[in-house]
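S.K.: Keeping their order, the protein sequence lines are chains A and B.
When we follow the working numbering, the leftmost residue of the first sequence carries the number 48, and every step to the right adds one.
When we follow the working numbering, the leftmost residue of the second sequence carries the number 48, and every step to the right adds one.
Protein chains: 2
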Amino acid sequence: MGVRVAVNGYGTIGKRVAYAISKQNDMQLIGVSKTKPDYNAILANRQGIPLYVPSEDHIKKFEEFGIKVAGIIEEMIKEADVIVDATPKGVGAKYKVMYEKFGKKAIFQGGEKAEIAEVSFSALCNYREALGKKYVRVVSCNTTALCRIICALRRIGNLKKIRATIVRRGADPHEYKKGPIESLVPDPVSLPSHHALDVKTVIPDVDIVTAAVVVPTTRMHLHIVNVEMTNKVSREELISILNDTPRILLVRWNYGFWSTGNIVEWARDILRPRYDIYEVIVWEESITVDNREVWLMYGVHQEAIVVPENVDAIRAIMKLEDDPIKSIQKTDASLGILKRWSI
Amino acid sequence: MGVRVAVNGYGTIGKRVAYAISKQNDMQLIGVSKTKPDYNAILANRQGIPLYVPSEDHIKKFEEFGIKVAGIIEEMIKEADVIVDATPKGVGAKYKVMYEKFGKKAIFQGGEKAEIAEVSFSALCNYREALGKKYVRVVSCNTTALCRIICALRRIGNLKKIRATIVRRGADPHEYKKGPIESLVPDPVSLPSHHALDVKTVIPDVDIVTAAVVVPTTRMHLHIVNVEMTNKVSREELISILNDTPRILLVRWNYGFWSTGNIVEWARDILRPRYDIYEVIVWEESITVDNREVWLMYGVHQEAIVVPENVDAIRAIMKLEDDPIKSIQKTDASLGILKRWSI
């Protein structure tokens, strides 16, 4: 049955991590938590996933909606070996007190401050640093994508400077009250955006500056990255290393991948559950090399990209697997993560 | 193996109808056609679906993209018992010449004029009229939804007047060049919109007026329908009849179905392939009854709703099944179409 994992919070990330855990043979999902009664709670009921709520009052409320509750969150925490905290930004810090109280290991998300954990985590970059730790933080979607690209590029040389533009989706598809619906929003207007600082929590020795703008879309972020290497590289070498790196997938614009919308359409067409795209999707035509300078553009599915990292983080924190590549391969096989899709 | 079906056109509707055919045990997919080489053509290759193109020149072009082609469309037509024409609006009329030439039965989509076929089709309303016909036209997504609702309501009384507002999605998710991105567009500005006329091609004896407005979304249409009955009805009766009608699904706003975006999110969460929603999704709270007047609001997934109707149309035109309910039940079971989702 494997390690007993509880998922605290059952929103965008929580429900996906719960799904991913159910696909692993070395861990089991012992419960998820919700604060509001809704169709997702009903789906958890129907799937037989034990559902926990903050308090006895919540139990009553959920039962009025016809939803079965297994108990309160504290009980779920007690029963778990490790908790994946997928509560909203900042709430994880409050729950950490409870995890500490019961001596439980926990994995936090990128919305929490780096200080919450001993290690900020990217499977490709620093898996081993998380081995056996008590608290690990999986960095945010944009940071996860940047880390994957940076750690791939490091395999062909040293990176002198990274300058990146992050075009961010305004809201997730279900967030019907959130905007913007029309404006372009410098966010933040002062450079660097927090993404550069966040990358350094995983890879400290890197010269990176990021600027971010929020746009009216719900379908993926898009990064434009410019890297100055200390050595000359070739485009072929670059394509080859990206093709050989897990969780990075090259697609060709020319085959109908004309926009993030079309990438999502492709994910629907290959019948990905929830159209989840775990890979960084690099447009092959965008890969440009001029002597020591490199450019590329890629899409980042904000809802899904950190999901495989969470699974690996569980394996690292619980020491289920010491070898990052073995954990990554196991996770990727379980979720159908692709390599070399394009012909 | 069953009836040999070719799908001419492999866009939004064609790829979904092809998928649905592959789930039936009384029909087989013998090929699909495409005019442009792209990832969808590669997916067809990988799934072993024979791919046909308009001309020898196209074969060359496709092969340059590494895509295998089985032959030209004319060859596909010759091999089929029936063709589902899912070509763009107006193109079906041109292909009809070829279907006639080879004496093949064909099913057209709602983008074609009603005159193209002997029957305009809605499975719930007039399945039997299509039995053994040569040409049948499945009406458009909005008309399909209106017909389902009207034919459901007719089971509890006579409809004196139907007055409906159709809030239409501006583009499909993959149509990255199409708008509007900001405006509300009366389309058309003169009443009635074509939907009312189109409903009458299926149900001639009905007093219906529709007005349509296009809005900036890619996720579903939304209808607001007001019906005056000749008799008094109760809300309970209405809910009961909607619950008992296939392909109509009641959901409660209160359970998180706050918008079309949240309906799509639910479809993702239940792992619907491509998040396809074949059902008319009625908000239960919107159902309002005042003496002989009825109001309701529902969402219509423009990409998917006509798919089950196409499967039934094949069964009717080929006389595979004389009983509409048996065909509908068979189709619905094969596609996982739900009844009574809400508690």
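Beta carbons are placed, not taken as given, at the ideal position from N, Cα and C, and that holds for glycine.
Going by DSSP, which residues form a beta bridge with T307 (chain B)?
M.R.: For the purposes of this step, residue 307 (chain B) is identified with residue 260 of the second sequence, where counting begins at 1. Answer is none; T307 (chain B) lacks a bridge partner.
S.K.: Could you tell me the alpha carbon to alpha carbon distance between V274 (chain A) and I209 (chain A), rounded to whole angstroms?
M.R.: For the purposes of this step, residue 274 (chain A) is taken as residue 227 along the first sequence, with counting starting at 1. For the purposes of this step, residue 209 (chain A) is taken as residue 162 along the first sequence, with counting starting at 1. Answer to the nearest angstrom: the Cα atoms are 5 Å apart.
S.K.: Helix, strand or coil: which one does DSSP assign to I114 (chain B)?
M.R.: Taking the second sequence and counting its residues from 1, the one referred to as residue 114 (chain B) is at position 67. If DSSP states are grouped into helix, strand and coil, I114 (chain B) belongs with coil.
S.K.: What in chain A is Cβ-close to L90 (chain B), meaning under 9 Å?
M.R.: One-based indexing of the second sequence puts residue 90 (chain B) at position 43. Simply W313, D316 and I317.
S.K.: Is the beta carbon of A351 (chain B) less than 7 Å from the beta carbon of L289 (chain B)?
M.R.: Against the second sequence, residue 351 (chain B) aligns to sequence position 304. Against the second sequence, residue 289 (chain B) aligns to sequence position 242. No, the Cβ-Cβ distance between A351 (chain B) and L289 (chain B) is not below 7 Å.
S.K.: Distance check for W330 (chain A) and V341 (chain A), CA to CA, integer angstroms please.
M.R.: In the first sequence, the residue the question calls residue 341 (chain A) occupies position 294. In the first sequence, the residue the question calls residue 330 (chain A) occupies position 283. Distance between the alpha carbons of V341 (chain A) and W330 (chain A): 14 Å.
S.K.: Quick check on DSSP: helix, strand or coil for F149 (chain A)?
M.R.: The sequence position of residue 149 (chain A) within the first sequence is 102, counting from 1. Coil, per DSSP.
S.K.: Would H105 (chain A) count as contacting chain B if we go by Cβ distances under 7 Å?
M.R.: Walking along the first sequence from the start, residue 105 (chain A) turns up at place 58. Output row for H105 (chain A): interface = no.
S.K.: Could you check the C-alpha separation between I295 (chain A) and N72 (chain A) for me, to the nearest Å?
M.R.: Position 248 of the first sequence, counted from the first residue, corresponds to residue 295 (chain A). Position 25 of the first sequence, counted from the first residue, corresponds to residue 72 (chain A). Between I295 (chain A) and N72 (chain A), the C-alpha separation is close to 24 Å.
S.K.: Measuring CA to CA, which of B:D85, B:H242 and B:V327 is closest to G113 (chain B)?
M.R.: As a first step, residue 113 (chain B) must be located in the second sequence, where it is residue number 66. Of the candidates B:D85, B:H242 and B:V327, the one whose C-alpha sits nearest the C-alpha of G113 (chain B) is B:D85.
S.K.: Where does E30 (chain A) sit, in a helix, a strand or coil, going by DSSP?
M.R.: Because chain A spans 48 through 390 in this model, residue 30 (chain A) falls outside it and cannot be assessed.
S.K.: For R215 (chain B) and H268 (chain B), which I take to be in contact (beta-carbon distance under 8 Å), what is that distance rounded to the nearest angstrom?
M.R.: As a first step, residue 215 (chain B) is located in the second sequence; it is residue number 168 there, counting from the start. As a first step, residue 268 (chain B) is located in the second sequence; it is residue number 221 there, counting from the start. 5 Å between Cβ atoms; contact.
S.K.: For M123 (chain A) and K141 (chain A), what's the separation of their Cα atoms in angstroms?
M.R.: Within the first sequence, numbered from 1, the residue matching residue 123 (chain A) stands at position 76. Within the first sequence, numbered from 1, the residue matching residue 141 (chain A) stands at position 94. Roughly 16 Å between the two C-alpha positions.
S.K.: Determine the contact status of G49 (chain B) and Q75 (chain B), defining contact as a CB-CB distance below 7 Å.
M.R.: Locating residue 49 (chain B) in the second sequence gives position 2, where the first residue counts as 1. Locating residue 75 (chain B) in the second sequence gives position 28, where the first residue counts as 1. Yes.
S.K.: Thinking C-alpha only, which one of A:H270, A:G158 and A:T248 is nearest T59 (chain A)?
M.R.: As a working note, residue 59 (chain A) is residue 12 in the first sequence. Here the closest residue by C-alpha is A:G158.
S.K.: Could you give the first and the last residue of the continuous alpha helix (DSSP H) run that contains V61 (chain B)?
M.R.: If you number the second sequence from 1, residue 61 (chain B) lands on position 14. Sequence check: residue 61 (chain B) is Gly here, not Val. Residues T59 to S69.
S.K.: Can you pull the chain A neighbours of F304 (chain B), defined as C-beta to C-beta under 9 Å?
M.R.: Taking the first residue of the second sequence as position 1, residue 304 (chain B) is located at position 257. Those within 9 Å of F304 (chain B) in chain A are D85 and Y86.
S.K.: Taking C-alpha atoms, which residue in B:I96, B:A88 and B:G95 lies nearest to H105 (chain B)?
M.R.: Within the second sequence, the letter at position 58 stands for residue 105 (chain B). Selected option, being the one with the closest Cα: B:A88.
S.K.: Which whole-angstrom value is the C-beta distance of V259 (chain B) and D234 (chain B), which I expect to be below 8 Å?
M.R.: On the second sequence, position 212 is the one that residue 259 (chain B) refers to. On the second sequence, position 187 is the one that residue 234 (chain B) refers to. Contrary to the premise, residue 259 (chain B) reads as Ala rather than Val in this sequence. About 6 Å; that satisfies the 8 Å criterion.
S.K.: Check P233 (chain A) in the structure and name its three-state DSSP category.
M.R.: By 1-based counting over the first sequence, the position of residue 233 (chain A) is 186. In the structure shown, P233 (chain A) sits in a strand (DSSP, three-state: E or B).
S.K.: Hey, how far is the Cα of V246 (chain B) from the Cα of A170 (chain A)?
M.R.: Mapped onto the second sequence, residue 246 (chain B) falls at position 199. Mapped onto the first sequence, residue 170 (chain A) falls at position 123. Taking the straight line joining both Cα atoms gives about 56 Å.
S.K.: Beta carbon of L367 (chain A), beta carbon of Y325 (chain A): below 7 Å?
M.R.: Locating residue 367 (chain A) in the first sequence gives position 320, counting from the first residue. Locating residue 325 (chain A) in the first sequence gives position 278, counting from the first residue. No. Outside cutoff.
S.K.: Using only the alpha-carbon positions, how far apart do A192 (chain B) and V327 (chain B) sit?
M.R.: The sequence position of residue 192 (chain B) within the second sequence is 145, counting from 1. The sequence position of residue 327 (chain B) within the second sequence is 280, counting from 1. If you take the alpha carbons of A192 (chain B) and V327 (chain B), they lie about 6 Å apart.
S.K.: So is L395 (chain A) buried or exposed if we call it buried at 16+ other beta carbons inside 10 Å?
M.R.: Within the shown structure, residues of chain A are numbered from 48 to 390, placing residue 395 (chain A) beyond reach of any answer.
S.K.: Based on DSSP bridge pairs, tell me the residues matched to E275 (chain B).
M.R.: Sequence index remark: in the second sequence, residue 275 (chain B) carries index 228 (1-based). B:K208 and B:E340, per the DSSP bridge assignment.
S.K.: Just the chain B side, please: which residues come within less than 8 Å of K62 (chain A) by C-beta, in chain order?
M.R.: Within the first sequence, the letter at position 15 stands for residue 62 (chain A). The answer, in chain order, is D316.
S.K.: Which residues in the same chain as S374 (chain B) place their Cβ atom closer than 6 Å to its Cβ, once the five residues preceding and following it in sequence are excluded?
M.R.: In the second sequence, the residue the question calls residue 374 (chain B) occupies position 327. Within the same chain, S374 (chain B) has close Cβ partners D359, R362 and E368.
S.K.: What residue range is occupied by the uninterrupted beta strand (DSSP E) comprising R202 (chain B)?
M.R.: Along the second sequence, one-based indexing puts residue 202 (chain B) at 155. No beta strand (DSSP E) contains R202 (chain B), which DSSP labels as neither H nor E.
S.K.: I'd like to confirm the pairing. Which residues does DSSP put opposite V54 (chain A) in its beta bridges?
M.R.: The count along the first sequence starts at 1 and reaches residue 54 (chain A) at position 7. Per DSSP, A:V79 and A:V131.
S.K.: If you follow the alpha helix (DSSP H) that L90 (chain A) is in, where does it begin and where does it stop?
M.R.: Counting from one through the first sequence, the residue named residue 90 (chain A) turns up at place 43. L90 (chain A) -> alpha helix (DSSP H) spans Y86 to R93.
S.K.: Counting pairs of beta carbons, one from the segment 306-319 of chain B and one from the segment 279-287 of chain B, are three or more of them closer than 8 Å?
M.R.: With a cut-off of 8 Å, the segment 279-287 of chain B and the segment 306-319 of chain B do not count as touching, because too few Cβ pairs lie within range.
S.K.: To the nearest angstrom, how far is it from the Cα of E165 (chain A) to the Cα of K180 (chain A)?
M.R.: The residue you call residue 165 (chain A) lines up with position 118 of the first sequence. The residue you call residue 180 (chain A) lines up with position 133 of the first sequence. E165 (chain A) and K180 (chain A): Cα-Cα distance of roughly 7 Å.
S.K.: Listed from N- to C-terminal order along the chain, which residues in the segment 218-237 of chain B have their beta-carbon within a distance smaller than 7 Å of any beta-carbon of chain A?
M.R.: From the segment 218-237 of chain B, only P220, H221, Y223 and E229 have a Cβ closer than 7 Å to chain A.
S.K.: Classify P101 (chain B) as buried or exposed, calling it buried when 16 or more other Cβ atoms lie within 10 Å of its own Cβ.
M.R.: Stepping through the second sequence from its first residue, residue 101 (chain B) is reached at position 54. Exposed: under 16 other Cβ atoms inside 10 Å.
S.K.: 7 Å is my cut-off, CB to CB: does I390 (chain B) come that close to chain A?
M.R.: By 1-based counting over the second sequence, the position of residue 390 (chain B) is 343. Confidence at I390 (chain B) is low in this model, with a pLDDT of 49, below 50, so its placement is unreliable and the value that follows should be read with caution. Judged by the 7 Å Cβ criterion, I390 (chain B) is in contact with chain A.
S.K.: Since A258 (chain A) is in the beta strand (DSSP E), which residue starts that stretch and which ends it?
M.R.: Residue numbering aside, residue 258 (chain A) sits at position 211 when the first sequence is read from its first letter. Run containing A258 (chain A): I255 to V262, per the beta strand (DSSP E) assignment.
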